[in-house]
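Structure record follows, encoded as structure tokens.
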């Protein structure tokens, strides 16, 4: 515990209990998502403490939440034996450079890097590139989301290894447009089997 945590101890974003930003009691109340298939998985429903934590990390710059989110995600993946035995390269969904510079970090990178470390996966944040500064996806629906993201991403072929299994990582899955667009870029390079993982849906 650092000095700041000693003076201002973390407390649960949902119930206010001192000790952690995400207490186990509040996290246990969040339904596990039923969204999964062979190549994609989402861990929690986007509500309650999970929603508060992601919003606080993303928009309130509560950087310390990234460790707790990663550790809880790791615990759930192990408990449910999701992607067991898979050897992945975790690839976070990138932010456009101006947005990342304004925020100071990319939430998918900081959570994804810690999660990859815990899962003993490789990690590569320079493989998928955000080529243009798109509108925020918040408030957009269906076709508007897809049009907004069209040709927004690219693959850095210097970092590409066709013998690896790639896992796209993001915080929240809404319509899946972002991950679909990145998968399309992988397909253009000849890689058709790309997995995905999100914290919430």
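Residue numbers (the working numbering): 21 to 221.
A virtual CB, placed ideally from N, CA and C, is assigned to each residue, including glycine.
Assigned with DSSP and collapsed to three states, residue 218 falls in strand. Counting only runs of 4+ residues, the alpha helix (DSSP H) found wholly inside the stretch 41-115 occupies 44-48, 68-79, 85-100, in chain order. The straight-line gap separating the alpha-carbon atoms of residue 116 and residue 38 is approximately 36 Å. Beta bridge pairing from DSSP links residue 185 with 108. In the structure shown, residue 175 falls within a strand segment according to DSSP collapsed to helix, strand and coil. For residue 35, the number of other beta carbons within 10 angstroms of its own is below 16, and it is reported as exposed.
Per DSSP, the unbroken beta strand (DSSP E) holding residue 150 starts and ends at 148-150. 62 is the residue among 52, 62, 32 whose C-alpha sits nearest the C-alpha of residue 191. Contact annotation: residue 186 and residue 214 have beta-carbon atoms nearer than 7 Å.
About 6 Å separates the beta carbons of residue 145 and residue 112, which is inside the 8 Å limit, making them a contact pair.
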